């Protein structure tokens with residue numbers, strides 16, 4: 095017999111603006127891990143990174159797909175902050191000016207809506 099079970103996964107989407115549109119972010123919070131997609135208006139995937147928290151010491155992170163253009167560092171920092179494995183999928187590259195705005199926008203959303211990140 096197959097029984098319906100309500101999903102424990104939570105999802106959230108938001109956009110980051112700084113006068114102009116910077117990116118769209120989609121968050122999928124699963125049991126024990128988090129997947130974060132950062133990209134433009136169109137769905138695109140060019141990079142995947144995984145950050146793993148450590149019991150002692152700084153978290154580990156590695157690039158799983160594509161060239162590392164910032165997703166690995168973001169995955170490492172999010173894994174440290176959330177103390178859970180974090181997959182970061184990027185569909186857009188960010189420069190030294192927009193990357194801090196993206197991280198600030200994600201941090202702001204984490205403070206406003208922690209239920210989507212835990």
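Numbering (our numbering), first residue to last: 95 to 212. We put the CB at the ideal spot given by N, CA and C, even for glycine. Computed from a predicted model, the values in this text were never measured in an experiment.
Backbone CA spacing between residue i and residue j [nearest angstrom]
i: residue 187; j: residue 119; result: 13 Å
i: residue 184; j: residue 209; result: 22 Å
i: residue 189; j: residue 198; result: 14 Å
i: residue 205; j: residue 106; result: 14 Å
i: residue 159; j: residue 95; result: 39 Å
i: residue 148; j: residue 181; result: 15 Å
i: residue 126; j: residue 177; result: 10 Å
i: residue 139; j: residue 117; result: 13 Å
i: residue 134; j: residue 123; result: 21 Å
i: residue 152; j: residue 201; result: 19 Å
i: residue 108; j: residue 203; result: 8 Å
Neighbourhood of residue i by C-beta distance below 8 Å, restricted to the same chain and skipping five residues each side
i: residue 155; result: 143, 144, 145, 146, 166, 167, 169, 170, 173
i: residue 163; result: 141, 184, 187, 188
Contacting residues, own chain, Cβ-Cβ under 7 Å from residue i (five flanking each side not counted)
i: residue 114; result: none
i: residue 112; result: 195
Bridge partner(s) assigned by DSSP for residue i
i: residue 145; result: 155, 180
i: residue 110; result: 117
i: residue 133; result: 118
i: residue 105; result: 122
i: residue 127; result: 124
Cβ distance (whole Å) where residue i is taken to contact residue j below 8 Å
i: residue 196; j: residue 132; result: 6 Å
i: residue 128; j: residue 191; result: Contact flag wrong, Cβ pair sits at about 26 Å.
Own chain partners of residue i with C-beta closer than 6 Å, once the 5 adjacent residues on each side are dropped
i: residue 193; result: 164
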